[in-house]
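Residue numbers (the UniProt record's numbering): 1 to 159.
For glycine and all other residues, C-beta sits at the position ideal for the given N, C-alpha and C.
Remember, it's a predicted structure, so these values are computed and weren't measured experimentally.
Input: a single structure, listed below in structure tokens.
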Amino acid sequence: MSQNVRRFDCPPQAVFDVLADGWLYAAWVVGASRMRAVDPDWPAAGSRLHHSVGAWPLVLDDTTSSRAWAPPERAAFRARGWPIGEADVVIEVRASGGGCLVRITERPAEGPGRYVPALIREPLMRIRNRETLRRLSHLAEGRWRVRPHAVATTGAGAT
């Protein structure tokens with residue numbers, strides 16, 4: 001299991017507004033190279049993002065599914081990236097001062113990636129998820145700075 005935490009200079013809902021926009025997935029997830037489609041009910045549990053993984057010409061089409069959606073605190077996903085496999089990813093957000101703390105936890109779930117020794121796998125996942133959080137912070141903070149009044153509960157299943 002890999003875990004990373006980063007402080008964002010925006011409210012928790014700004015993070016969830018980015019997560020709720022499935023078309024932004026490839027902009028913040030390291031390894032996702034493009035979006036192909038977003039289910040209309042994204043990010044409701046069971047809905048999927050249809051993305052590609054890799055760099056041209058070695059691009060594979062795959063999906064990420066929403067497992068849980070509880071803004072502005074928690075979202076859970078099953079990310080597929082075959083032939084490496086699948087991973088369970090949880091993003092937890094907690095208000096802190098004038099911003100928030102965002103934690104991403106990733107655990108291999110299916111496929112060959114599960115069998116890579118943790119001493120090799122976990123440092124690589126930490127490096128990847130450090131960059132993932134950096135990208136997510138740029139999107140959430142940038143959108144918040146441009147239009148702080150526009151941050152509102154978004155996405156299917158939001159309360």
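May I ask you to report which of helix, strand or coil DSSP gives Val116?
Position 116 of the sequence shown holds residue 116. Assignment of Val116 by DSSP, reduced to helix, strand and coil, places it in the coil class.
Residues of its chain near Ala26, where Cβ-Cβ distance is below 7 Å and the 5 sequence neighbours each way are ignored
As a working note, residue 26 is residue 26 in the sequence shown. Sequence-distant Cβ neighbours of Ala26 in its own chain, meaning closer than 7 Å and more than five residues away, are Ala32, Ser33, Arg34, Met35, His51.
Count the C-beta pairs between the region 111–122 and the region 93–100 that are closer than 8 Å, then say yes if the count reaches three, no if not.
Counting C-beta pairs with one atom in each stretch, the region 111–122 and the region 93–100 have fewer than three that are closer than 8 Å, which means they do not touch.
Which listed residue (Asp9, Val15, Asp61, Pro11) has its alpha carbon closest to that of Ile91
As a working note, residue 91 is residue 91 in the sequence shown. Relative to the Cα of Ile91, the nearest Cα in the group Asp9, Val15, Asp61, Pro11 belongs to Val15.
Please specify which runs of the alpha helix (DSSP H), each continuous and at least 4 residues long, are wholly inside the region 95–150, giving them in chain order.
118–146
Contact with chain B by Ala68, beta-carbon distance below 7 Å:
Any reference to chain B falls outside this structure, which holds one protein chain only.
For Ile127, is the classification buried or exposed, using 16 other Cβ atoms within 10 angstroms of its Cβ as the cut-off for buried?
One-based indexing of the sequence shown puts residue 127 at position 127. When all chains shown are included, Ile127 counts as exposed.
Going by other Cβ atoms of all chains shown within 10 Å of its Cβ, with 16 needed for buried, is Arg48 buried or exposed?
For the purposes of this step, residue 48 is taken as residue 48 along the sequence shown, with counting starting at 1. Arg48 is buried by the Cβ-count criterion.
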